[in-house]
Amino acid sequence: MPTHVIRNAGASARDAFRSLVISQQLLGTTEVLLVKHTGCGMLTFDNDTARGLVKKNKGDEAAKEVEDLDFLAFPELEEKVQDDVQWLKSKAVEEGVKVTGWIYEVETGRVRKVV
Ligand SMILES: [Zn+2]
């Protein structure tokens, strides 16, 4: 059975969705392990902060390119793992796919199952 590792900022299910569909429909994967980690940078900002940084560092034209972009940051780790797993399970294309959510604890090196 093929295994694919899909990485993105914050281990976002929404951001990975396109790759997940390809992995399952074209390449035959049947299970998703969503793993976020403690100390994630995505816990430290929000859309306004990210957009403000783009504007400050890159100017108005660049700011326009990200004005509607959701950077998919999140304020609470465990809650977001549950939310992402629930979101994936709600998608019809994910029906029949096993989805679990995990947290990699950087401090201890342990991985624990959340849902
Ligand atoms: Zn991270």
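Position one of the sequence shown corresponds to residue 1472 (the working numbering), numbered consecutively onward. Even glycine gets a Cβ: it sits at the ideal position worked out from N, Cα and C.
Query, Result
"What would DSSP say about G1530, mapped onto helix, strand or coil?", "coil"
"Fully enclosed by the stretch 1548-1586, which beta strand (DSSP E) runs are 3 residues long or longer?", "1569-1576 and 1581-1584"
"So, V1556 versus G1572, is the Cβ gap smaller than 7 Å?", "yes"
"Could you pull out every residue in the same chain whose Cβ sits closer than 8 Å to the Cβ of H1475, ignoring the five residues on either side in sequence?", "S1490, S1494, L1498 and T1500"
"If you compare alpha carbons, which of C1511, K1569 and G1567 is closest to E1578?", "C1511"
"Look up H1508 in the DSSP assignment and give the residues it is bridged to.", "Y1575"
"Are A1484 and L1559 close, meaning C-beta to C-beta below 7 Å?", "yes"
"Thinking V1552 and V1503 are a contact (beta carbons under 8 Å), I'd like their distance in whole angstroms, please.", "Their Cβ separation, rounded to whole angstroms, is 12 Å, which puts V1552 and V1503 out of contact at 8 Å."
"Measuring only the C-alpha atoms, how far is G1523 from E1547?", "22 Å"
"Find out if the Cβ-Cβ distance for the pair A1482, V1506 is shorter than 7 Å.", "yes"
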